[in-house]
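Take any residue in the sequence shown, count from 1 to its spot, add 330: that is its number in the numbering used here.
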Amino acid sequence: MDKTLHYLREAGIEVAIFDGVEPNPKDTNVRDGLAVFRREQCDIIVTVGGGSPHDCGKGIGIAATHEGDLYQYAGIETLTNPLPPIVAVNTTAGTASEVTRHCVLTNTETKVKFVIVSWRNLPSVSINDPLLMIGKPAALTAATGMDALTHAVEAYISKDANPVTDAAAMQAIRLIARNLRQAVALGSNLQARENMAYASLLAGMAFNNANLGYVHAMAHQLGGLYDMPHGVANAVLLPHVARYNLIANPEKFADIAELMGENITGLSTLDAAEKAIAAITRLSMDIGIPQHLRDLGVKEADFPYMAEMALKDGNAFSNPRKGNEQEIAAIFPPGILSVNEGTVMSLSPPGVRLFYDPRGHHAGAINELCWGLEEQGGPLPDHNL
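Okay, here's the thing in structure tokens:
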């Protein structure tokens, strides 16, 4: 941020700062940012960070140029006016919001995430520099990396996939399988960071055109209702949704297994496809992603409602297998995590541990998962995802 401000001011550009963006950006964040945008008579929006500031910046642009509540624009190509120019300076390899037409926000009244999909949301300029990702903590790198993998996998198996999106998604999967572990193990590994930046970009290009699926549709409900970090929600759900989707396109899941380094020689298509799920799960475990979601305030009574809302999410329509509310609700229980408050979980690589610290803003719900990094012999600071 300091470097961005320096360059802007050095160029003689007046700058007004809005830093009130939360993880899983809220409609209230957009309203607050819009007030600054109008008060300071801004012309351009510059977003610095990952998906949250990028999506909030898009939301501010939409609110500045469209009347009424943001929720009324949920859906595909609902925007009628051009947005102010947006310059997205990206610092994580995950959401790809800096290059996509998606704007994901949370309705704080209903606790439902909604998606505004429009080519008008595309930033005018996007900057992806792996040097800006070097200092990011391992837990954040892991979660955003699994978000990128989810983008690539869902775009690849999407009903709307085509040879162009397949090419981008396949290369993204290959790069993530070969580089995410290294980026988590040693954040200063510039080659791994660069390859993850390319992977995130390619995955964004893929789902920008092929859309996503049930993983994102379901993860949005966990994010909206429980404010769960998006990358973690995706990572936990991905293997379970993949297993549900496997019979719809086993050939592509077999491809995914091979792209992730699995030896599928001599295997039947279904057996090869199963290896994709094993490879995804192993990668997730290797980088310390929780494998379940129990004891985090997620209530089984919410499954039917979350399933209902997931099927209304714009990402659900391109899922390769069509499900009903009962089937979707049944996917949530395997993804329910068993971690007690204050539990320290072992990780790979050694010397880094994840620490769960719930910080609920209202009773009965987990609003943030804060993961701290503890180097051997060092303190345990908190890092929001």
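Cβ coordinates follow ideal geometry from the N, Cα and C atoms, glycine included.
Check the C-beta distance from residue i over to residue j and give it rounded, since I have them as a contact under 8 Å.
{"i": "Gly561", "j": "Thr474", "result": "5 Å"}
{"i": "Ala584", "j": "Ile577", "result": "No, Ala584 and Ile577 are not in contact; Cβ-Cβ is about 13 Å, not under 8 Å."}
{"i": "Met526", "j": "Ile619", "result": "Not really, about 15 Å apart at Cβ, beyond 8 Å."}
{"i": "Ala271", "j": "Ala547", "result": "Here the chain covers residues 331 to 715 and nothing more, so residue 271 does not appear."}
{"i": "Val378", "j": "Thr334", "result": "5 Å"}
{"i": "Val566", "j": "Gln621", "result": "7 Å"}
{"i": "Leu600", "j": "Val483", "result": "About 18 Å separates the two Cβ atoms, so there is no contact after all."}
{"i": "Ala499", "j": "Ala485", "result": "5 Å"}
{"i": "Glu428", "j": "Asn458", "result": "7 Å"}
Going by C-alpha distance, which of the options is nearest residue i?
{"i": "Asn359", "options": "Arg369, Val494 and Ile390", "result": "Ile390"}
{"i": "Asp643", "options": "Ile416, Arg368, Val445 and Ser427", "result": "Val445"}
{"i": "Ile347", "options": "Asn541, Asp357, Pro353 and Leu364", "result": "Leu364"}
{"i": "Ile503", "options": "Phe537, His546 and Met331", "result": "Phe537"}
{"i": "Gly591", "options": "Ile607, Asn579 and Ser598", "result": "Ile607"}
{"i": "Lys466", "options": "Leu520, Val434 and Asp632", "result": "Leu520"}
{"i": "Ile586", "options": "Thr430, Asn354, Leu400 and His481", "result": "His481"}
{"i": "Glu344", "options": "Asp362, Asp373, Glu352 and Met615", "result": "Asp373"}
{"i": "Ala423", "options": "Tyr544, Asn654 and Gly517", "result": "Gly517"}
{"i": "His550", "options": "Leu600, Ala637 and Thr495", "result": "Ala637"}
{"i": "Pro353", "options": "Val455, Ser382, Pro650 and Tyr486", "result": "Ser382"}
{"i": "Tyr574", "options": "Gln402, Ile487, Leu462 and Asp459", "result": "Ile487"}
{"i": "Phe633", "options": "Pro650, Gln621 and Glu655", "result": "Glu655"}
{"i": "Gln501", "options": "Val514, Ala522 and Ser530", "result": "Ser530"}
{"i": "His396", "options": "Leu413, Ala499 and Arg508", "result": "Leu413"}
{"i": "Arg508", "options": "Leu589, Ile375 and Lys605", "result": "Leu589"}
{"i": "Ala478", "options": "Leu505, Ala659, Gln371 and Asp332", "result": "Leu505"}
{"i": "Pro460", "options": "Asp385, Arg523 and Ala491", "result": "Arg523"}
{"i": "Asn564", "options": "Asn451, Asn579 and Val545", "result": "Val545"}
{"i": "Asp385", "options": "Ala394, Arg368, Asn451 and Ile406", "result": "Asn451"}
{"i": "Lys443", "options": "Asn458, Asn411 and Gly405", "result": "Gly405"}
{"i": "Ala394", "options": "Asp496, Gln402 and Arg368", "result": "Arg368"}
{"i": "Ile464", "options": "Ala515, Val351, Ala646 and Val376", "result": "Ala515"}
{"i": "Lys441", "options": "Gly342, Tyr635, Ala660 and Ile658", "result": "Tyr635"}
{"i": "Ala631", "options": "Lys652, Gln371, Ala659 and Gly653", "result": "Ala659"}
{"i": "Met331", "options": "Pro355, Arg361, Leu462 and Glu340", "result": "Leu462"}
{"i": "Asp496", "options": "Asn411, Lys582, Tyr528 and Pro559", "result": "Lys582"}
{"i": "Ile392", "options": "Val376, Asn411 and Phe662", "result": "Asn411"}
{"i": "Ile375", "options": "Leu338, Gln402 and Pro559", "result": "Leu338"}
{"i": "Pro398", "options": "Gly596, Ala603, Gly380 and Arg361", "result": "Here residue 398 is Gly; the residue named in the question, Pro, does not match the sequence. Checked all of Gly596, Ala603, Gly380 and Arg361; the closest Cα to Gly398 is Arg361."}
{"i": "Pro559", "options": "Ala341, Glu604, Ala602 and Pro355", "result": "Pro355"}
{"i": "Val628", "options": "Phe662, Gln402, Tyr528 and Glu340", "result": "Phe662"}
With a Cβ-Cβ cutoff of 8 Å, do residue i and residue j count as a contact?
{"i": "Ile610", "j": "Arg511", "result": "no"}
{"i": "Ser614", "j": "Lys489", "result": "no"}
{"i": "Ala426", "j": "Gly534", "result": "yes"}
{"i": "Ser448", "j": "Leu400", "result": "no"}
{"i": "Ser456", "j": "Pro415", "result": "no"}
{"i": "Thr436", "j": "Asp357", "result": "yes"}
{"i": "Asn579", "j": "Pro493", "result": "no"}
Can you check whether the C-beta of residue i is within less than 8 Å of a C-beta belonging to chain B?
{"i": "Arg431", "result": "The structure shown contains no chain B; it is built from a single protein chain."}
Would you say the beta carbon of residue i is closer than 7 Å to some non-hydrogen atom of the ligand FAD?
{"i": "Ala485", "result": "Because no ligand of any kind appears in the structure shown, any question about the ligand FAD cannot be addressed here."}
In chain order, which continuous runs of the beta strand (DSSP E) of length 3 or greater are located wholly inside the stretch 409 to 442? 416 to 420 and 432 to 437
The stretch 417 to 426 contacting the stretch 547 to 556, beta-carbon criterion three pairs below 8 Å: no
Quick one: complete beta strand (DSSP E) runs, 3+ long, within the stretch 480 to 545? none
On the three-pair Cβ rule with 8 Å, is the stretch 452 to 472 touching the stretch 432 to 442? no
Where in the stretch 362 to 395 do unbroken runs of the beta strand (DSSP E), each at least 3 residues long, occur, reported from the N-terminal end onward? 375 to 379
Just to confirm the assignment: which complete alpha helix (DSSP H) runs, minimum length 4, are found wholly within the stretch 547 to 610? 560 to 575 and 580 to 589
Enumerate, from N- to C-terminal direction, the unbroken alpha helix (DSSP H) stretches of 4 or more residues contained entirely within the stretch 613 to 667. 633 to 642 and 655 to 661
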